[in-house]
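Residue numbers (this note's numbering): 1 to 183.
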Ligand code: S3P
């Protein structure tokens, strides 16, 4: 499969709390790829936390930084990339994501809520009703996440290693045999 992939990057998309970083790290290891997280890269290059950027500059500035790091990453090969949950909002970002294979980690909203209810690092969830907020965000984004090349549904209790096995099994089904890209 590594041969068929030809080093194209794998972009994990999905809501916050869907496990993009945990699964991405494991997947990268299995594929002999490097791993990168767009939020981490933004924090490293700006020397600021995501919360701080949202609080002082606002979401629009954060989204610009996000597009910038994505455009830089897509110049490289052999990366598994965990993207921020809102990366799919900008049409421009799709032209970067489409350089590689896009995998949507689809986790039920109640499970996202369970994973994130104590979390203070997601500015968009600092809201009186975070469950409602997650539902609203997913409703706005679902049709965009749906444009991924592959959807992986993860139920409550889904073990990351098993999700990675599932991904590895499904990747060949969307690769054209002996060709240069996706079906
Ligand atoms: C966001 C998700 C976060 C981060 C920022 C905005 C979103 O990333 O980029 O807080 O709009 O869903 P994770 O999906 O890694 O939590």
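From the three backbone atoms N, C-alpha and C, an ideal C-beta is built for every residue, glycine too.
Asked, Found
"Selection from 19, 172, 133 and 28 that minimises the alpha carbon distance to residue 107", "19"
"Completely contained alpha helix (DSSP H) runs for the region 74-118, where each covers 4 or more residues", "91-97 and 109-116"
"Exposure of residue 61, with buried meaning 16 or more beta-carbon neighbours within 10 Å", "exposed"
"Boundaries of the alpha helix (DSSP H) in which residue 145 is found, first to last residue", "130-145"
"Residue nearest to residue 115 in terms of C-alpha spacing, selected from 156, 76, 126 and 137", "156"
"At least 3 beta-carbon pairs within less than 8 Å: the region 58-78 vs the region 35-42", "yes"
"Rounded separation between residue 163 and residue 93 - CA only", "25 Å"
"Any non-hydrogen atom of the ligand S3P closer than 8 Å to residue 92 Cβ", "no"
"Those residues which DSSP pairs with residue 184 across a bridge", "With the chain represented from 1 up to 183, any question about residue 184 goes unanswered, as that position is not in the structure."
"Integer Cβ distance of residue 124 from residue 133, believed to fall under 8 Å", "7 Å"
"Any chain C beta carbon closer than 9 Å to residue 37", "Absent from the structure is chain C; it holds one protein chain and no more."
"N-terminal and C-terminal residue of the alpha helix (DSSP H) that residue 151 is part of", "Where residue 151 is concerned, there is no enclosing alpha helix (DSSP H), although the beta strand (DSSP E) it sits in stretches over 150-153."
"Residue environment, residue 28, which counts as buried when at least 16 other CB atoms sit within 10 Å", "buried"
"Residue 200 CB to nearest heavy atom of the ligand S3P below 8 Å", "Look at the range of the chain in this structure, 1 to 183, and you will see that residue 200 is not part of it."
"C-beta atoms of residue 130 and residue 117 nearer than 9 Å", "yes"
"Where the beta strand (DSSP E) containing residue 36 begins and where it ends", "34-37"
"Pairwise C-alpha distance: residue 49 and residue 103", "26 Å"
"Any 3 or more C-beta pairs closer than 8 Å across the region 9-16 and the region 81-88", "yes"
"Cβ neighbour criterion (16 or more within 10 Å) applied to residue 188", "Given that the chain is displayed from residue 1 to residue 183, the structure contains no residue 188 and the question cannot be resolved."
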